[in-house]
Each structure stands twice: as C-alpha cells, then as structure tokens.
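Q:
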Amino acid sequence: MAVVFDIKTDPRRSGSLVDAGGADQPADLVSNMSATADTARPRHPEKAHRPDQPILKKPDWIRVKAPGSPAWAATNKIVRDNKLVTVCEEAGCPNIGECWEKKHATFMIMGDTCTRACAFCNIRTGLPAALDPNEPESVADAVAKLGLSHVVITSVDRDDLADGGAQHFAQTIAAIRRRAPKTTIEILTPDFLRKDGALETVVAARPDVFNHNLETVPSKYLKVRPGARYFHSIRLLQQVKQLDPTIFTKSGIMVGLGEEREEVLQLMDDLRTAEVDFLTIGQYLQPTKKHHPVIRFVEPSEFKSFEAVANAKGFLLVSSSPFTRSSHHAGEDFARLQARRKAHLG
Ligand code: SF4
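My numbering numbers the first residue of the sequence shown as 12 and each following residue consecutively.
Okay, here's the thing in structure tokens:
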C-alpha cells in the first residue's frame, strides 16, 4: 500500500499552511475528507484495543497547504461524480491541497478496505466488498475528464482474491489506454504475496511505471508491515524489470520509524541490485494514537544527504524530503525519468 499519513486540514482555510499529521486531527474533518466514510464500522478494528502511542510534537518544517481552492473543488467534484476512492483522502495525505489544485489525484481501486493491517497505515481494514466490474471504466472516465497527462493508480491489498486483484489492475490500465491514449500510467501495487501469476498479468498490461513500496527497512517489518516480506518485495521489483525492461520501476520508504541510517543505505543497495530506477523517501507521520509512533522527525538536511547518497548509488531519480510521497509530483517525475533514461542511453 502507499505511504500514508493523516493531516490536519481545514478546507475553510484555503491556501493557508497548516500542521500535517498527528492524532490531534479533528475527527469531523477526517470524515469530511473521506469519500467513503462509514461511521458505523470502526476504521481499524484490529488496532482499537492497542495501547495509545505517544505523539511527538511536530517541528516547524512539517507544514502543508490546506485544500479548498476552486481547482481543488473541481477535482473533488469529478472524484465524487465518478464515485471514486482516492488514496489522497483515505490515507489523509498531507499533500492533497497542492496535488488536487493541480488536478493530480491518486485513484485507489478495489474498494476502500484493506485485508492487511500495517501499523503505519490509515486505510480502513477489514473484509472488503466484491469488486466493482464497472470501476475500470469509471476510473478511465475520470482520467479523461481531468485531462491527465500522467495518472497514478493504487489499490488496497486484496489477499481475499485468488489473483490479489491483478486482473482488475490490468483491466483498469486497458480502460485508460482506450479512453485516454496519451495519458501515461503509473501503478502502485500490493506485493501479490503467494499469488502465482499475478505479477505477470499486471506487467503484461504494460504500465509506464511500476511502483511497489518497501515502506521501511527489513528490521522494522515485523512491527510496521507484519503481513509482508522484505525480500519478496525486492524480488517483485526485480521480476518486473526481468519481464519488461522498458517499464520504469520505483519504490519508496518512510523514515522516522526508528530505522538506522546504515539500514537505509543497505536498502538502497538492495533496490539497486533489483535495478530499481526511482527511490522516494519521506517522513512518516502518525495517523492516530493507535498507530506506530513517530520515533523522530528527520531533519531536512538528512533527507538531502540521503538523496545525494542514493544518486551516487546509481538511481535514475531520487526524491527525498519530509513531504515526499510515492505519487507526489509523479507526472513531472515521469518526464524526468524519461529524459534521464534517454541521456543514459546516449
Ligand atoms: S501525494 Fe499522492 S496521495 Fe498525496 S495528495 Fe498527492 S497524489 Fe494524493
């Protein structure tokens, strides 16, 4: 699943800068932002009885632009009219004001309920509903209406489906190709753990960018991402390149979860071994008191240092800053990836 956060945003304060993240977010604003809010169900039943985690005070640099401009409202209307789910809302992403103003939304397919229960993630967990067979066309329709040059499609984990949702991903890519043939397509997928043939199905649909997030360093997996396996995720990315070397591969992590610097550098090497092109590194923000605590806020200068090291290790592109997210500036970054590949190939 995507790197996710909660946000303290007040749509009435359009254009203002507000604190991002943290469990001090007014509950009414959280639910107002959700396309699919369902107050009858607890959002995270598996976390409800966990002890509260301490909330670190946010430093000054964790501030974002609040949503609410006319351009944001236009994007919001298209999302509502097409009854779409976005990770921007479901995860409470801090960049929603900036991204939606530029008509950039990340669509989350296969429902709003995830079968995993990662300790960092604010997506609703539980037993998902059946797939909507009309969803690929609805997403394609929204992409065409928004006139997107680049779109990011992600999904919840669907461990309940025999193929993990691979066919649905492929159908969505095909529908976008038909309705908006000039739009480039980036997918941010689950790990398809124990779903034989799923990856091949998705790669055969030929997305332009295949993103799968490692989320954190291996030593943190048991606590942060217990349903996943670090080396399976590395192998998944490597297989994409082996199956189709023309597809750009991308992966991201959050920092501030208690990882050591050396572990991040080792992770970079692991991704380069799998020939991953693009690395994103952003600050973890704690969605609620029941989620994994922020162990520390990484200084902006440290993000710069990670960027320099990662560039030296040979990634085609690196984005590393407190507000870097998997899909943030994805369109601009895709253009950079193309230009750099061209330059590398001479
Ligand atoms: S960074 Fe991604 S998830 Fe966040 S608002 Fe932008 S498009 Fe949506």
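We treat Cβ as the ideally placed atom computed from N, Cα and C, and that holds for glycine.
Does the distance from the CB of residue 339 to the CB of residue 291 come in under 9 Å?
A: Translated into the one-based positions of the sequence shown, residue 339 becomes position 328. Translated into the one-based positions of the sequence shown, residue 291 becomes position 280. A contact, by the Cβ cut-off of 9 Å.
Q: The ligand SF4 heavy atoms versus the CB of residue 105: any closer than 8 Å?
A: The residue you call residue 105 lines up with position 94 of the sequence shown. It does: the Cβ of residue 105 is within 8 Å (strictly closer) of some heavy atom of the ligand SF4.
Q: Within the present structure, is the beta-carbon of residue 185 separated from the nearest heavy atom of the ligand SF4 by less than 8 Å?
A: For the purposes of this step, residue 185 is identified with residue 174 of the sequence shown, where counting begins at 1. No.
Q: Just to confirm, are residue 279 and residue 326 a CB contact at a threshold of 9 Å?
A: Within the sequence shown, the letter at position 268 stands for residue 279. Within the sequence shown, the letter at position 315 stands for residue 326. Yes, the pair counts as a contact, with Cβ atoms nearer than the cut-off.
Q: Check the C-beta distance from residue 297 over to residue 265 and give it rounded, since I have them as a contact under 8 Å.
A: Looking up residue 297 in the sequence shown gives position 286. Looking up residue 265 in the sequence shown gives position 254. Actually they do not touch by this definition, with Cβ atoms about 11 Å apart.
Q: Nearest by alpha-carbon distance to residue 311: which of 128, 267, 65, 93 is it?
A: Mapped onto the sequence shown, residue 311 falls at position 300. Ranking 128, 267, 65, 93 by Cα distance to residue 311 puts 267 first.
Q: What's the gap between the Cα of residue 334 and the Cα of residue 72?
A: Along the sequence shown, one-based indexing puts residue 334 at 323. Along the sequence shown, one-based indexing puts residue 72 at 61. Computed Cα separation, rounded: 10 Å.
Q: What first and last residue would you give for the beta strand (DSSP E) that runs through residue 337?
A: In the sequence shown, the residue the question calls residue 337 occupies position 326. Residue 337: not part of any beta strand (DSSP E); DSSP gives it neither H nor E.
Q: Are there any heavy atoms of the ligand SF4 lying less than 8 Å away from the beta-carbon of residue 80, as far as the coordinates show?
A: Walking along the sequence shown from the start, residue 80 turns up at place 69. Checking every heavy atom of the ligand SF4 against the Cβ of residue 80, none is found closer than 8 Å.
Q: Skipping 5 residues on each side, what residues in its chain have a beta carbon closer than 6 Å to that of residue 259?
A: Position 248 of the sequence shown, counted from the start, is the residue given in the question as residue 259. Excluding sequence positions up to five before and after residue 259, its CB lies within less than 6 Å of the CB of 220, 288, 348, all in the same chain and listed in chain order.
Q: Under 9 Å, do residue 167 and residue 124 count as touching if we go by C-beta distance?
A: Taking the first residue of the sequence shown as position 1, residue 167 is located at position 156. Taking the first residue of the sequence shown as position 1, residue 124 is located at position 113. Going by C-beta atoms, residue 167 is nearer than 9 Å to residue 124.
Q: I want to check one thing, is the minimum distance from the CB of residue 98 to the heavy atoms of the ligand SAH below 8 Å?
A: By its list of ligands, the structure shown excludes the ligand SAH, since it contains just the ligand SF4.
Q: Does the beta-carbon distance from residue 269 to residue 231 come in below 9 Å?
A: Position 258 of the sequence shown, counted from the start, is the residue given in the question as residue 269. Position 220 of the sequence shown, counted from the start, is the residue given in the question as residue 231. Closer than 9 Å, so yes.
Q: Please go through the same chain and pick out, in chain order, the residues whose beta-carbon is closer than 6 Å to the beta-carbon of residue 44, but skip the five residues on each side of it.
A: By 1-based counting over the sequence shown, the position of residue 44 is 33. Low per-residue confidence applies at residue 44: pLDDT is 35, beneath 50, and the placement is therefore not dependable, though the value from the model is reported in the following sentence. Excluding sequence neighbours, residue 44 sits near 100.
Q: Roughly how many angstroms separate the alpha carbons of residue 161 and residue 117, rounded to a whole number?
A: As a working mapping, residue 161 is identified with position 150 in the sequence shown. As a working mapping, residue 117 is identified with position 106 in the sequence shown. About 10 Å.
Q: Within the same chain, show all residues whose beta-carbon is closer than 7 Å to that of residue 281, passing over the 5 residues directly before and after it, in chain order.
A: As a working note, residue 281 is residue 270 in the sequence shown. Excluding sequence neighbours, residue 281 sits near 245.
Q: Say whether the stretch 144-158 touches the stretch 198-213, bearing in mind that this needs 3 or more beta-carbon pairs closer than 8 Å, one atom from each stretch.
A: no
Q: Would you say the beta carbon of residue 91 comes nearer than 8 Å to a heavy atom of the ligand SF4?
A: Translated into the one-based positions of the sequence shown, residue 91 becomes position 80. Residue 91 Cβ: outside cutoff for every heavy atom of the ligand SF4.
Q: Within the present structure, is the beta-carbon of residue 72 separated from the nearest heavy atom of the ligand SF4 by less than 8 Å?
A: For the purposes of this step, residue 72 is taken as the residue at position 61 of the sequence shown. False, no ligand heavy atom lies under 8 Å from that Cβ.
Q: Exposed or buried, what is residue 253 when buried is set at 16 or more other beta-carbons lying within 10 Å of its beta-carbon?
A: Walking along the sequence shown from the start, residue 253 turns up at place 242. Looking at its Cβ environment, which holds fewer than 16 other Cβ atoms inside 10 Å, residue 253 is exposed.
Q: Please classify residue 118: does DSSP put it in a helix, a strand, or coil?
A: Position 107 of the sequence shown, counting from 1, holds the residue named residue 118. Of the three classes helix, strand and coil, the one that applies to residue 118 here is strand, per DSSP.
Q: What whole-angstrom Cβ distance do residue 163 and residue 95 have, given they're in contact under 8 Å?
A: Position 152 of the sequence shown, counting from 1, holds the residue named residue 163. Position 84 of the sequence shown, counting from 1, holds the residue named residue 95. Rounded, the Cβ-Cβ distance is 13 Å, inconsistent with contact.
Q: DSSP on residue 129, reduced to helix/strand/coil?
A: In the sequence shown, residue 129 corresponds to position 118, counting from 1. Looking at residue 129 - three-state DSSP - the assignment turns out to be coil, as it is neither helix nor strand.
Q: Determine the direct distance from the alpha carbon of residue 224 to that of residue 284, and round the result to whole angstroms.
A: Residue numbering aside, residue 284 sits at position 273 when the sequence shown is read from its first letter. Residue numbering aside, residue 224 sits at position 213 when the sequence shown is read from its first letter. If I take the Cα positions, the gap works out to 16 Å.
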